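In case it helps, mature numbering (1 follows the signal peptide of the UniProt record, and there is no 0) puts the sequence shown at residues -20 to -1, 1 to 283. From the three backbone atoms N, C-alpha and C, an ideal C-beta is built for every residue, glycine too. Owing to the predicted nature of the structure, the values given are computational and were not obtained by experimental measurement. Take a look at the structure below.
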Amino acid sequence: MRSLWLLLGLGLLAMCQVQASEEESLGDLDDLDLSDMDENDEEFLRLLEDKAKAKDVQRENEIASQLAEVQHNLLNPVVEVDLCETIPCGAGRICQIQDEKPECVCIPECPEEIDTRRHVCTNTNETWPSDCSVYQQRCWCDSRDERCANLDNAHMHIDYYGACHEPRTCDGEDLKDFPRRMRDWLFNVMRDLAERDELTEHYMQMQLEAETNHSRRWSNAAVWKWCDLDGDTDRSVSRHELFPIRAPLVSLEHCIAPFLESCDSNNDHRITLIEWGACLELDADDLIERCDDVKRAKPHMLG
Ligand SMILES: [Ca+2]
Ligand SMILES: [Ca+2]
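As structure tokens, then:
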């Protein structure tokens, strides 16, 4: 392969040389004022020849140094390494090269959000224009940047999507009916994902089972969602792991927050599969822990 490139390089150089020497000889002829010259003046011809020789040597040297460069580049290819690729930065931070070292810095600018649906409400009950702006603010406070509005913001997190609003109370009847609605919702989400071919083979099977076996209809969807929420696969869902289900729904479903609170029946900030099933009013015997760990190990395979 290298020799092929070398040949190509040589070919290109040879073409340049021919073109350059053609231009030069034309230039030399143009420069000559033959009217004052004696054609037999040997001294003149010798000078002309010397000049031509000197030019040839100069060109030869130029070509030799260009060739040496081509050869050097072929033997020592410059591999560009993106140092930032190896550094994962948390939310609100991006990687920048500083003094030739990759470093995570606070994201300098967040996209301007006009859509009010992108607004977020934080646990401090403040409305921010976007999740990006919350993470950026947290980063500034964390790194004692002067743009930090309040040092407490270093611990701020998104409570739910949408502007902050007065919490609507979830009264007895709504909360009583909520497990049934939640089961329905989980089943429909799983069915949608299956139709869009966005489940792993393992969960596809569980979905098919839920469609065909009535006793598995709710329990398979419940097990799937519980496995899905358990991001670190420690077989319990922490409050933090509830974020993907809680944050988008709080504005729409005023009962979701009290419902999820109620799931952690022993109040240890973690929801086991048994607790999850009980809170969805499912029979414990129907709940079999069937998480697809292959999905966890190779998340990129899922596209
Ligand atoms: Ca977990
Ligand atoms: Ca618990």
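Which residue from Lys205, Asn168, Arg176, Asp210 puts its Cα closest to that of Glu191? From the listed residues Lys205, Asn168, Arg176, Asp210, the smallest Cα separation to Glu191 is found for Asn168.
With distances taken from each beta carbon to the nearest heavy atom of ligand 2, which residues come in below 6 angstroms, in chain order? Asp244, Asn246, Asp248, Arg250, Ile251, Thr252, Glu255
Please list, in chain order, all residues of the same chain as Arg98 whose beta carbon is under 6 angstroms from its beta carbon, the five residues on each side excluded. Cβ within range, chain order: Ser110.
Suppose contacts are defined by Cβ-Cβ distances below 7 angstroms. Is Cys112 in contact with Cys121 by that definition? No, the Cβ-Cβ distance between Cys112 and Cys121 is not below 7 angstroms.
Please report whether the beta-carbon of Arg163 lies at a distance below 7 angstroms from any beta-carbon of chain E. In the structure shown, chain E does not exist; there is a single protein chain.
Same chain only: Cβ atoms within 6 angstroms of Leu6, ignoring 5 sequence neighbours per side: The predicted model places Leu6 with a pLDDT of 43, which falls under 50 and marks its position as unreliable, so this point remains unresolved.
Could you check if Arg(-19) is buried or exposed, using at least 16 other CB atoms within 10 Å of its CB as the buried criterion? Bear in mind that a pLDDT of 48 at Arg(-19), under 50, signals an unreliable position, so the model cannot answer this.
If Leu155 sits next to Ala202, beta carbons under 8 angstroms apart, how far is it from one beta carbon to the other, in whole angstroms? Not confirmed; about 18 angstroms, so no contact.
Work out the CA separation of Glu181 and Met170 for me, nearest whole Å. Distance between the alpha carbons of Met170 and Glu181: 13 angstroms.
If residue 284 sits next to Arg73, beta carbons under 8 angstroms apart, how far is it from one beta carbon to the other, in whole angstroms? As displayed, the chain neither begins before -20 nor continues past 283, which places residue 284 out of reach and without an answer.
Buried or exposed: which applies to Ile254, given that a residue is buried once 16 or more other Cβ atoms fall within 10 Å of its Cβ? exposed
Euclidean distance between Cα positions of Gly142 and His135: 20 angstroms
Could you round the C-beta distance between Val230 and Tyr140 to whole angstroms and report it? I think they count as a contact, below 8 angstroms. 3 angstroms
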